[in-house]
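Converting from the sequence shown to my numbering requires adding 2 to each position, the first position being numbered 1.
Note that the Cβ used here is the ideal one computed from N, Cα and C, for glycine as well.
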Amino acid sequence: MHTSSTENSTLSPTLQTHEHAWLTESAHRTSDGTVLYVRCGECGTRRVDIAAHTDMPPTAVSTTLGD
């Protein structure tokens with residue numbers, strides 16, 4: 003009986019996770035608040051955040067995109 007090597011291994015990729023350290027690359031004000039374009043200093047993942055006109059921290063308005 004012949005089996006391929008993929009039958010004995012998982013097909014899902016291994017994900018490396020860490021806590022992102024978001025650095026602001028650019029920002030501009032809008033009527034909804036300040037839009038922040040941020041990048042993780044460690045892995046280079048990018049995200050778009052919005053800081054509403056409150057004392058709350060920015061919230062993500064996009065998913066993270068990485069290499």
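CB-CB under 6 Å to R41, same chain, minus the five flanking residues each way: which ones, in chain order?
Excluding positions up to five away in sequence, the list reads L25, E27, R48.
Across which residues does DSSP place C45 in a beta bridge pair?
Bridge partners of C45: none, in fact.
Opposite H79 in the DSSP bridges: which residues?
Missing from the structure shown is residue 79; the chain here goes from 3 to 69 and no further.
Label P1 either buried or exposed according to how many other C-beta atoms from any shown protein chain fall within 10 Å of its C-beta, with 16 as the threshold for buried.
This structure does not reach residue 1, given that the chain is present from 3 up to 69, and the question cannot be answered.
Between the alpha carbons of A53 and H22, how many angstroms are there, rounded?
Rounded to whole angstroms, A53 to H22 spans 18 Å at the Cα level.
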